[in-house]
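Numbering (UniProt numbering), first residue to last: 1 to 307.
Heads up: the structure comes next, in structure tokens.
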Amino acid sequence: MEVNKASLTAIVSAFGRAYHSLNDEPKIFNDCLAEKMITDEEFKNISKNMIEGIKFFNPEDEDIYKNEESMLKWIIQTQISPTPLARSRYTEDMLENAIKMGVKQYVILGAGFDTFAFRKPELLKKIKVFEIDHPATQELKLKRIKDLDWEISPSLKFVPVDFSKDDLKEALLNSGFDSNSLSFFSWLGVTYYLSREEIINMFKSISSIACKGSSLVFDYPDKDIFNNERTTSRVQAMVKMAEAAGEPMKTAYEYLELESDLDKAGLLIYEHLTPKDIEERYFKGRDDYYHAFENVNYTLAVVDKKF
């Protein structure tokens, strides 16, 4: 089966989670099943490509170059995984709180190779999970789940959606989503690459289908991300990598702008984490390279009114 760009992103993200689960202590986010979702060949090839690309990141510490293992560790812990790990941890922390408050549905927008439904089977006795993703990526994931002989819970629904032409609300309703039940949406690693109009439209889609009190977790960059004088070399590398991959970063927010766009779509900010907050919550006291990414923020928003 051909691996498209979206599927490649899912594979690389799973690689980062797998590496962390296998190699790092203490865990920021322990996706113990991520390694199962990618092949040995993929793990080997991604590792090789990252090591060969270390000059792009240009670390100054000579000790990093002493062997391939130390080079790979530096790239993953500095550049690749801090944000995906911490935002996933934050999302699932907030989800578990929401379930205690009565949430019955979890919608994962751009699910990729997310393994929540298989890591937390006990929670699927309490909620339904809807995985939304591009049809090609979802087809590849389903094939791998079948090859692993994993049992798919009746509470897990795979909903193929091509956002360039499909309607999210229609797709969810056709898959058994209940607009009258409290729901929790995660939308991770996406806003960076969309126009402001596209982001607002997603906010509106969520508030139009979810009942009051439902929630959304997402991450976004602040406006300093495009100002080299006000950011760091690893943030600059992230921006350059996205552009080189043909997916340039388009939108960044000031807090008040984000608050305004959410309000227009019927959503209120319930919690907002700055890089300083994220560092304190998930990275404090570590003795490796992991630190919260500069200029990247997490938001928990709540549906206040139907749009």
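Note that CB positions come from ideal geometry on N, CA and C, so glycine has one too.
It should be emphasised that the depicted structure is a prediction, and the values quoted were computed from it without experimental measurement.
Leaving out five residues on either side along the sequence, give the residues of the same chain with a beta carbon under 6 angstroms from the beta carbon of F293.
The answer, listed in chain order, is P82, T83.
In terms of alpha-carbon separation, which member of P26, N45, K27, F29 lies closest to I11?
Looking at the Cα atoms, N45 is the closest of the given residues.
What residue range is occupied by the uninterrupted alpha helix (DSSP H) comprising I51?
40-52 is the span of the alpha helix (DSSP H), which, as asked, contains I51.
What number of angstroms, rounded off, separates the C-alpha of G16 from the C-alpha of K305?
Computed Cα separation, rounded: 37 angstroms.
Residues in its own chain within less than 6 angstroms of M1 by CB, not counting five upstream and five downstream?
Model confidence at M1 stands at a pLDDT of 44, short of 50, so the residue's coordinates are unreliable and nothing is read from them.
Does the beta-carbon of Y253 have 16 or more other beta-carbons within 10 angstroms, so that it is buried, or is it exposed?
The residue in question, Y253, is buried, as its Cβ has 16 or more Cβ neighbours within 10 Å.
For V239 and L124, what's the separation of their Cα atoms in angstroms?
Whole-angstrom Cα-Cα distance: 37 angstroms.
Mind checking whether L188 and D222 have CB atoms under 8 angstroms apart?
Their beta carbons are not under 8 angstroms apart, which means L188 does not touch D222 by this criterion.
Taking the alpha-carbon of A171 as reference, which of K100, E35, D114, F158 has the nearest alpha-carbon?
The shortest Cα separation from A171 among K100, E35, D114, F158 belongs to F158.
Is V200 helix, strand or coil when you go by DSSP?
The question names Val, but residue 200 is Ile in the sequence shown. Three-state result, I200: helix.
Can you tell me which of the three DSSP states N297 falls into?
Strand at N297.
Under 8 angstroms: do the stretch 146-154 and the stretch 110-129 share three or more Cβ pairs, one atom per stretch?
The stretch 146-154, when compared against the stretch 110-129, does touch it at the 8 angstroms Cβ threshold.
Kindly indicate which residue of F163, A86, F203, F184 has the alpha-carbon position closest to the one of E280.
It is A86 whose Cα lies nearest to the Cα of E280.
Just reading off the beta strand (DSSP E) that V129 is part of, what are its end residues?
It spans 128-133 - the beta strand (DSSP E) in which V129 sits, taken as one unbroken run.
Going along the chain, which unbroken runs of the beta strand (DSSP E) with 3 or more residues stay wholly within the stretch 135-176?
Complete beta strand (DSSP E) runs here, min 3: 156-160.
Relative to the C-alpha of P248, which candidate in E257, E259, L256, Q236 has its C-alpha closest?
Among E257, E259, L256, Q236, the Cα nearest to that of P248 is on Q236.
Determine the direct distance from the alpha carbon of T191 to that of F226, and round the result to whole angstroms.
When rounded, the distance between both Cα atoms is 15 angstroms.
According to the neighbour-count rule (16 or more other Cβ atoms, all chains shown, within 10 Å of its Cβ), is D167 buried or exposed?
Classification for D167: exposed.
In the DSSP assignment, the alpha helix (DSSP H) including L258 goes from what residue to what residue?
Segment 255-264, the alpha helix (DSSP H) holding L258.
Could you check which residue in N201, I28, E52 has the C-alpha nearest to that of K169?
Nearest option by C-alpha distance: N201.
Would S21 and E35 be called neighbours here (beta carbons separated by less than 8 angstroms)?
It is a contact, given that the beta carbons lie within the stated cut-off.
Helix, strand or coil, according to DSSP, for D178 in the structure here?
Residue state, collapsed to three classes: coil.
Tell me the residue span of the alpha helix (DSSP H) that contains F116.
Note, F116: alpha helix (DSSP H), 116-119.
Have a look at R234, L182, I206, E62 and flag the residue whose alpha-carbon is nearest the alpha-carbon of I132.
Among R234, L182, I206, E62, the Cα nearest to that of I132 is on I206.
Just the Cα atoms here: how many angstroms apart are S208 and C32?
Roughly 35 angstroms separates the two Cα atoms.
Between S186 and the rest of its own chain, which residues show a CB-CB distance below 8 angstroms, the 5 nearest in sequence each way excluded?
For S186, where only same-chain residues beyond five positions count, the Cβ hits under 8 angstroms are T91, L95, Y106, V107, I108, L109, L216, V217, F218.
Less than 8 angstroms between the beta carbons of L273 and V303, yes or no?
Contact flag unset, no.
Can the beta-carbon of L72 be found closer than 8 angstroms to that of I51?
In this structure, I51 lies closer than 8 angstroms to L72 by Cβ.
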